[in-house]
Amino acid sequence: MEEIEITELCPDIWAINEMDKVTMYLINGTKTALLIDTGLGITDLKKVITDKCGEKRVMVINTHAHLDHNSGNNQFDTVYVGRFDEPYSHIPVGEQERRVMQEYYIDQIPVCETARQKWAPGIAGKVKTLKDGDIIDIGKYVFKVLEIPSHSIGSIALIEEHFQWVFTGDVLLTWEAWGHLGPGMLSPSVTLKEYRESLRKLTHYINEETKIFPSHGKRDNPHSCTQYILPSEIVYIYLEGITKIIDGKWTGDFYSCEFHDGLVKKFDVGGIVYDKSRIG
Ligand SMILES: [Zn+2]
-16 MEEIEITELC PDIWAINEMD KVTMYLINGT KTALLIDTGL GITDLKKVIT
34 DKCGEKRVMV INTHAHLDHN SGNNQFDTVY VGRFDEPYSH IPVGEQERRV
84 MQEYYIDQIP VCETARQKWA PGIAGKVKTL KDGDIIDIGK YVFKVLEIPS
134 HSIGSIALIE EHFQWVFTGD VLLTWEAWGH LGPGMLSPSV TLKEYRESLR
184 KLTHYINEET KIFPSHGKRD NPHSCTQYIL PSEIVYIYLE GITKIIDGKW
234 TGDFYSCEFH DGLVKKFDVG GIVYDKSRIG
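FYI, the working numbering numbers position 240 of the sequence shown as 223, with every residue one higher than the one before it.
Here's what the structure looks like:
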């Protein structure tokens, strides 16, 4: 496995995969190159953008303000994030965060020595906010911002309605998405009922043709999921599973985590970690 793998998914979209841990997406509009997330910050992102899109204006958006999605923010003057995650975008990476991130993401990987040397997370020069309904026109492609509080309170989806693309960050994964985070060094998750509301909101923007681009993916996946693209039915699988938990029909098993413990319930595809005291 390469440390950084760049895959063209369709014309004008590339997945930038850092060590199979996190995926960023680069979209080449006619006016602007849009980078979704800055990952662990071990990739020379400006070089990738110029190589693929040429010299043009660049816009950088974080799907949410967690360190595996925004550690490369210091490579850019300005980065955009959902308004409710903005306060978490200014927190410098301290010793504790560095240790946890290193253990969680970098130490497990064979290429860790080079990755560790390159890993220099940092905050952007300026953080600007996005809110529900904001429109981002990059030329040829037009994205709408949808606030979907869930995994983090300020998580956003970026929706290209004409091309039927939806970029969802960590809200829908092929393993258990974290929906249990409490206050701490990371932007916290919302209650399970609020998570469900965000999924319901997403259903208004999807159909059978919609491609969902998650920020984490595995090489082996169930059903018709690939590492970078999930079918839209995953939204309904999550909706059904979360509703069963809320209704008391399903209960998760204990889930241990260095941030917060929780309960985990796996679905046919994906699953959720939740906090039983914050169902709603
Ligand atoms: Zn993540």
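Ideal placement from N, C-alpha and C gives every residue a C-beta, glycine not left out.
Owing to the predicted nature of the structure, the values given are computational and were not obtained by experimental measurement.
(request) Give every residue of the same chain whose Cβ lies closer than 8 Å to the Cβ of residue 69, excluding the five residues on either side of it in the sequence, and list them in chain order. (result) 48, 110, 112 and 137
(request) Determine contact between the segment 149 to 165 and the segment 179 to 189, defined as no fewer than three beta-carbon pairs at a distance below 8 Å. (result) yes
(request) Report yes if the CB atom of residue 46 is closer than 8 Å to the CB atom of residue 198, and no otherwise. (result) yes
(message) Can you check which of these residues, 63, 14, 226 and 52, is closest to residue 25 by C-alpha distance?
(response) 52
(request) Enumerate in chain order the residues of its own chain whose CB-to-CB distance from residue 243 is below 8 Å, with the five nearest sequence positions on each side excluded. (result) 163, 164, 165, 167 and 258
(message) Can you tell me which residues form a DSSP beta bridge with residue 61?
(response) 109
(message) Could you check whether residue 190 and residue 107 sit closer than 8 Å to each other, using their CB atoms as the reference points?
(response) no
(request) Return the first residue and the last residue of the beta strand (DSSP E) that residue 11 is part of. (result) 5 to 11
(message) Would residue 28 and residue 5 qualify as a contact pair, given that the criterion is a beta-carbon distance under 8 Å?
(response) no
(request) Can you have a look at residue 145 and say buried or exposed, based on whether 16 or more other CB atoms are within 10 angstroms of its CB? (result) exposed
(request) Spell out the partners DSSP gives residue 0 in its beta bridges. (result) -12 and 6
(message) Shorter than 7 Å, the distance from the beta carbon of residue 51 to the closest heavy atom of ligand 1, or not?
(response) yes
(message) Check this for me: beta carbons of residue 235 and residue 247, under 8 Å apart or not?
(response) yes
(message) Quick check: the Cα distance between residue 217 and residue 20, rounded to an integer number of angstroms?
(response) 22 Å
(message) Please tell me whether residue 36 and residue 0 are closer than 8 Å, where the distance is taken between their beta carbons.
(response) no
(request) Report yes if the CB atom of residue 175 is closer than 8 Å to the CB atom of residue 225, and no otherwise. (result) yes
(message) Does the beta-carbon of residue 5, which I'm using as the reference point, lie nearer than 7 Å to any heavy atom of ligand 1?
(response) yes
(message) If distances are taken between C-alpha atoms only, which option among 83, 117 and 134 comes closest to residue 141?
(response) 117
(message) Closest to residue 249 by C-alpha separation, out of 222, 261, 260 and 241, would be which residue?
(response) 222
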